[in-house]
Amino acid sequence: MNVVKTVDAKGLSCPMSLVKTKKAIDELTSGQVLEVHTTDKGAKNDLAAWAKVSGHKLVDMKEENGVLTFWIEKA
Amino acid sequence: MTEKKRTTIILFSGDYDKAMAAYIIANGAAAYDHEVTIFHTFWGLNALRKEEQVPVQKGFLEKMFAKMMPRGADKLGLSRMHFAGIGPKLIKQVMKKHNAMPLPQLIDMAKEQGVKLVACQMTVDLLGLKQEELIDGIEFAGVAAYLADASEGNVNLFI
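Quick mapping for you: the protein sequence lines, in order, are chains H and W.
Residues in the first sequence are numbered consecutively from 1, following this note's numbering.
Residues in the second sequence are numbered consecutively from 76, following this note's numbering.
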């Protein structure tokens, strides 16, 4: 996976993980992957919905010790 | 990319919690790349007031209004459990604990994301507010400007 940027949104709550993710993905080019760390449980649905509607691809997601990690490929 | 979608929110309420909801939705919509407008009218205008007192010429009634209304986003009261001002203190404490963003920062974030903040000119005049008393970077408009945005809106809310 071509992870070029990581966003640390741990400890932040809605809507900050989304806003930070969006800002970071704006700086990527198509095909590059963004890694997002968050502890906001709502982000599970939030980022998945956002990626779907915005056309980006949610490549993978995992949950470990309360930290959610997302990999999003820019459209 | 196709043409941008549009979200419009009318913020009529001057309650801290309701304004917070409005600004969270606005920030979310901006993250969806929508063109976002928040149209502030009546009590919602208080969210746009500067905290400091600005010396302006006013009549007696306007001065009374200026005194009685909250000066700025941080001073807004709660729609429920206000408890004569203790409620907002408690909720801000809880928000800190949960790392939720306070309203003034949500407004800054919205501006940074290019959310268009509009003050309804008619109610600005009605409440005796002056342009200098409101934060910078906002527009002044009326119902026609709102409807022009809203008629193209994919999401239109009244809060």
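Cβ coordinates follow ideal geometry from the N, Cα and C atoms, glycine included.
These figures come from a predicted structure and were not determined experimentally.
(request) Quick one: using the 10 Å Cβ neighbour count with 16 as the cut-off for buried, is L136 (chain W) buried or exposed? (result) exposed
(message) Buried or exposed for V84 (chain H), going by 16 or more other Cβ atoms inside 10 Å?
(response) In this structure chain H extends from 1 to 75, so residue 84 (chain H) is not present and cannot be described.
(request) Kindly indicate if chain W contains any beta-carbon less than 8 Å away from that of K22 (chain H). (result) yes
(message) Please classify M143 (chain W) as buried or exposed, where buried requires at least 16 neighbouring CB atoms within 10 angstroms.
(response) exposed
(message) Looking only at its chain, what residues have a beta carbon closer than 7 Å to the beta carbon of A24 (chain H), apart from the 5 residues adjacent to it on each side?
(response) Only K5, V7, L34 meet the Cβ criterion.
(request) Taking W50 (chain H) as the query, report the chain W residues whose CB atoms sit under 8 Å from its CB, ordered along the chain. (result) A106, Y107
(request) Please list, in chain order, all residues of the same chain as Y91 (chain W) whose beta carbon is under 7 Å from its beta carbon, the five residues on each side excluded. (result) L151, G152, L153, P163, L178
(request) Report yes or no: do the region 53-60 of chain H and the region 183-199 of chain W share at least 3 C-beta pairs separated by less than 8 Å? (result) no
(request) Tell me T82 (chain W)'s beta-bridge partners as DSSP assigns them. (result) W:V111, W:V230
(message) Does R124 (chain W) pass the burial test, meaning 16 or more other C-beta atoms within 10 Å, or should it be called exposed?
(response) buried
(message) By alpha-carbon positions, which one of W:I84, W:K79, W:K80 ends up nearest to V218 (chain W)?
(response) W:I84
(message) Please list, in chain order, the chain W residues whose beta carbon lies closer than 8 Å to that of G31 (chain H).
(response) Near G31 (chain H) there are no residues of chain W at all, since even the closest Cβ is about 16 Å away, more than 8 Å.
(message) Is the beta carbon of A122 (chain W) closer than 8 Å to that of M94 (chain W)?
(response) Note on residue identity: the sequence assigns Ala, not Met, to residue 94 (chain W). Taking 8 Å as the Cβ cut-off, A94 (chain W) and A122 (chain W) qualify as a contacting pair.
(request) Please compile the residues from chain W whose C-beta is within a distance smaller than 7 Å of the C-beta of L18 (chain H). (result) G103, A106
(request) Could you tell me whether the Cβ of N174 (chain W) comes closer than 8 Å to any Cβ of chain H? (result) yes
(message) At the 8 Å Cβ level, is L12 (chain H) part of the contact set with chain W, yes or no?
(response) yes
(request) Indicate whether the contact test is met: 3 or more Cβ pairs, each with one atom in the region 95-104 of chain W and one in the region 167-181 of chain W, closer than 8 Å. (result) Remark: three or more beta-carbon pairs, one from each stretch, lie closer than 8 Å, so the region 95-104 of chain W and the region 167-181 of chain W are flagged as touching.
(request) Please specify which runs of the beta strand (DSSP E), each continuous and at least 3 residues long, are wholly inside the region 9-45 of chain H, giving them in chain order. (result) Along the length of the region 9-45 of chain H, whole beta strand (DSSP E) runs at least 3 residues long occupy 33-38, reported in chain order.
(request) Figure out for me which residue from W:R155, W:I234, W:I182, W:Q132 has the closest Cα to the Cα of D149 (chain W). (result) W:I182
(request) Quick one: which unbroken beta strand (DSSP E) runs of 3-plus residues sit fully inside the region 156-232 of chain W? Chain order, please. (result) For secondary structure counted as the beta strand (DSSP E) over 3 or more consecutive residues, the region 156-232 of chain W holds these complete runs in sequence order: 191-195, 214-216.
(request) Grab the span of the alpha helix (DSSP H) containing D60 (chain H) for me, first residue to last. (result) Run containing D60 (chain H): none in the alpha helix (DSSP H); it sits in the beta strand (DSSP E), 57-64.
(request) May I ask you to report which of helix, strand or coil DSSP gives F87 (chain W)? (result) DSSP, read as helix, strand or coil, puts F87 (chain W) in coil.
(message) With a threshold of 6 Å on Cβ separation, who are the neighbours of K57 (chain H) within its own chain once the five nearest residues in sequence on each side are excluded?
(response) E73
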